[in-house]
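All remarks here apply to the structure that follows.
Numbering (this note's numbering), first residue to last: 703 to 786.
Structural data, given as structure tokens:
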């Protein structure tokens, strides 16, 4: 039996101050409905990082998972690129 489809997102780690948790910021450009200008929108996700391997500025892939705490229901899949 296959698992249900899980959402995946790619973003930049913006905080590593918690233990086994990271904050991932995902930015996207959205066209304004009236004026047509492209506006930056960002959303922050708290993700589970079991081994505390991430650093600030890393590009990471996260995946949706069951609730792990009050507001943590994403987990780290892989580190795509380390911060320079």
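Built from N, CA and C at the ideal position, the CB exists for glycine as well.
From what residue to what residue does the beta strand (DSSP E) around residue i run?
{"i": "residue 749", "result": "740-750"}
{"i": "residue 769", "result": "761-771"}
{"i": "residue 698", "result": "Outside the displayed range of the chain (703 to 786) lies residue 698, so it cannot be described from this structure."}
{"i": "residue 733", "result": "723-733"}
Pull up the DSSP beta-bridge partners for residue i, would you.
{"i": "residue 779", "result": "BP columns for residue 779 are empty, so no partner."}
{"i": "residue 784", "result": "BP columns for residue 784 are empty, so no partner."}
Please return the same chain residues whose Cβ sits closer than 7 Å to the Cβ of residue i, not counting the five positions on each side in sequence.
{"i": "residue 777", "result": "749, 750, 764, 765 and 767"}
Run through DSSP, which three-state label would residue i get?
{"i": "residue 774", "result": "strand"}
Between residue i and the rest of its own chain, which residues show a CB-CB distance below 6 Å, the 5 nearest in sequence each way excluded?
{"i": "residue 783", "result": "761"}
{"i": "residue 712", "result": "763"}
Only counting the same chain, and skipping five residues up and downstream in sequence, which positions put a Cβ closer than 8 Å to that of residue i?
{"i": "residue 757", "result": "715, 718, 784 and 785"}
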